[in-house]
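> The structure under discussion is supplied below as structure tokens; questions concerning it will follow.
Numbering (our numbering), first residue to last: 103 to 788.
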């Protein structure tokens, strides 16, 4: 819709009408999605359904409560410690007119007999099972779970909340309910500034998008760590690093290495004189003077490219002063300062001197050169990385290897260190040619609508690295966020409050303290609250007992979460089975559990294992790093010794195996080449 004339007021009114029509159309297009997403079973026997909009019968009896209605508030505010009369809260996932998922939360497990006979499913089923055992011990366990979860969900959002707990303690579910609770309570605040959710799976944004329609669609951004950087258009993360490469690329020392690389490319050490020829007169700016002025600017420059603009101005003033000192006989024309600077800006000799002393650097070409082996990595990394670490980097980038999540964090760091490309830059790589084309198209098309202006401004802000500051940031599986990735998160969360969820025992990082230090640096002086979930109600006591033996090997002082749910099924250890027998093991497990089955294997074997497995949507094969946060009804851990040996550090390898052994909720099968006892023997690790 383009104006053909009229006053600015008419154009504004047209814009408002067009925007309102677009919003209304979007509402109508999405009305069928999420029409129903929740159910409340109350202790008085009444049942309420919650959805995107209210529905009533012909007799005005409510069928579905509008999520914003006061009667629906308990769906967001009720907790186990204060259930507000709710026995069960059910989240219902729909795709158009089909129910595709149901998950229950028992808020008053003692009153579950008052439910209408429907089965309790999902996370609530675990609590229902232990609540049915009417012993004093079980009542105490349920009370402990509810108290800890309530403390986490209702913690104030005036700082940082760190939720920790071992496998099966429901950390992710607690954080998810916390975000829904906070966003419902402060809808206007979060709708203005938004929430960033960073995690390995879309569970958060799917849930929030369903139960908070107006906020979930516009104010919650879900991003994996690979998605977070503003990579150039057409560039995506498709690779996956092994543990050795991740340990090097993720180290905070890489920030120092990138600074060293930028310094090495930041301009010639010895600078030639700049000769200025204008109107037949010639003056010289000495290279030594240029170098001294560059050193002065370097000390105060916030980033490389922003410093170039300051240096260009300083070099221009040096040139002007030299020009003012030219011999009187050469002053055939009266020169204006502004005219001189305008001429100088396009003078080839000046441009060449500027580029030599302070070249423009862009993050993507620089990272590409680094990955291609075009930079003297061994020389630049002296004192920062060991020979083995330099080799690990080179191997990970060999033969045009695809971009990985750890590489993306390096790109983000480079973009921060370099800063925005100067406006003098002609259209080049890194998306600038496309931006120039869009700007030219906009000028030719006489951009006048609000939507056009908004898109144009958004693109420019993105290119200028002006990160959005979110109101709240949620980080799931925080124990595996590398120091470089924490730096990347911090740049997008200045002034934000945090919910951080993780288990340090499950970290694949060799030195967990390095991760914790990086987190502390990002949180800064934020008010810090910590909640530890101590009860494992998802993993069976039989599986947990095996994992506890391994935990004692990792650190004898660590206490595992208390497992409270018994299935009576001990883990099965299969020693010496050929890889070709794996298919039969998985098929048997599928028959036994009737649900999902996961195979956790060393990273080097995963692709081969996928080829051996039955073609069943319930079956998946992952490595110990990809399985974080996932659960399966049945789980096969393949080659546990290989999982440990594949890690860069023995303790990190044992932690990865600990993760693998705690993914099963019903049955666990371990397929090993040698007895597992060699890994469970408690001894001092070096």
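The C-beta atom is built at its ideal place from N, Cα and C for all residues, glycine as well.
Where do the ends of the beta strand (DSSP E) carrying residue 601 lie?
Element bounds for residue 601: 599-604.
> Can you tell me whether DSSP reads residue 689 as helix, strand or coil?
Three-state result, residue 689: helix.
> Whole angstroms are fine: how far does the CA of residue 281 sit from the CA of residue 287?
Going from the Cα of residue 287 to the Cα of residue 281 covers about 10 Å.
> Do residue 624 and residue 774 count as a contact pair if the criterion is CB distance below 8 Å?
Not in contact: residue 774 and residue 624 (Cβ atoms no closer than 8 Å).
> Which same chain residues, not among the five before or five after residue 769, have their C-beta less than 7 Å away from its C-beta?
Cβ within range, chain order: 671, 691, 694, 695 and 736.
> Quick one: what does DSSP say residue 286 is sitting in, helix, strand or coil?
Helix.
> With residue 520 and residue 464 assumed to form a contact (beta carbons below 8 Å), what rounded beta-carbon distance in angstroms separates them?
With 8 Å as the limit, residue 520 and residue 464 qualify as a contact, their Cβ atoms being about 7 Å apart.
> Measure the Cβ-Cβ separation of residue 515 and residue 589 and say whether it is below 8 Å.
A contact, by the Cβ cut-off of 8 Å.
> Any contact between the region 371-390 and the region 640-647? By contact I mean 3 or more CB pairs, one from each, below 8 Å.
The region 371-390, when compared against the region 640-647, does not touch it at the 8 Å Cβ threshold.
> With DSSP collapsed to three states, give me the class of residue 138.
Here residue 138 sits in coil by DSSP.
> Counting Cβ pairs, one atom from each stretch, are 3 or more of them under 8 Å apart for the region 479-490 and the region 409-421?
Short answer: they don't touch.
> Would you please state the rounded distance, in angstroms, between the beta carbons of residue 462 and residue 407? I believe it to be under 8 Å.
That pair is a contact at about 6 Å.
> From 202, 342 and 323, pick the residue whose C-alpha is nearest to that of residue 300; which is it?
It is 323 whose Cα lies nearest to the Cα of residue 300.
> Over the uninterrupted alpha helix (DSSP H) stretch that includes residue 754, give me the two end residues.
Where residue 754 is concerned, the enclosing alpha helix (DSSP H) stretches over 752-763.
> Roughly how many angstroms lie between the CA atoms of residue 571 and residue 631, to the nearest whole one?
Going by the C-alpha atoms only, they are around 22 Å apart.
> Quickly, what does DSSP pair residue 193 with across the bridge? List them, please.
Answer by DSSP bridge pairing, in chain order: 140 and 205.
> Which of the three DSSP states is assigned to residue 541 in this structure?
At residue 541 the pLDDT is 40, less than 50, meaning the model places this residue with poor confidence; the figure from the coordinates comes in the next sentence. The answer is helix: DSSP assigns residue 541 an H, G or I state.
> If we count the other Cβ atoms within 10 Å of its Cβ and call it buried at 16 or more, is residue 475 buried or exposed?
It is exposed - the Cβ of residue 475 has fewer than 16 other Cβ atoms within 10 Å.
> Would you kindly check if the distance between the Cβ of residue 760 and the Cβ of residue 581 is under 8 Å?
No, Cβ-Cβ distance for residue 581 and residue 760 is not below 8 Å.
> Which residues bound the alpha helix (DSSP H) around residue 646?
Per DSSP, residue 646 belongs to the alpha helix (DSSP H) from 643-656.
> With a threshold of 16 other CB atoms inside 10 Å of the CB of residue 248, please say whether the residue is buried or exposed.
Result: buried.
> Please determine if the region 418-427 and the region 367-379 are in contact, where contact requires at least 3 C-beta pairs separated by less than 8 Å.
Yes: at least three Cβ pairs fall under 8 Å.
> For residue 113, which three-state DSSP category applies?
Helix at residue 113.
> Enumerate in chain order the residues of its own chain whose CB-to-CB distance from residue 79 is below 6 Å, with the five nearest sequence positions on each side excluded.
Shown here, the chain extends from 103 to 788; a query on residue 79 therefore has no answer.
> Please report the distance separating the alpha-carbon of residue 718 from that of residue 165.
So the two alpha carbons sit approximately 38 Å from each other.
> Does residue 338 pass the burial test, meaning 16 or more other C-beta atoms within 10 Å, or should it be called exposed?
When all chains shown are included, residue 338 counts as exposed.
> With a CB to CB cut of under 6 Å and the five nearest residues on each side skipped, what residues in its chain are close to residue 169?
Hits under 6 Å: 152.
> Report the option in 724, 709 and 705 whose CA atom is closest to the CA atom of residue 748.
Of 724, 709 and 705, the residue nearest in Cα terms is 705.
> Restricting to Cα atoms, I'd like to know which of 728, 634, 445 and 410 is closest to residue 253.
When each option's Cα is compared against that of residue 253, the closest is 634.
> Since residue 178 is in the beta strand (DSSP E), which residue starts that stretch and which ends it?
Per DSSP, residue 178 belongs to no beta strand (DSSP E); it is in the alpha helix (DSSP H), 176-179.
> Rounded to a whole number of angstroms, what is the C-alpha to C-alpha distance between residue 553 and residue 502?
Model confidence at residue 553 stands at a pLDDT of 34, short of 50, so the residue's coordinates are unreliable and nothing is read from them.
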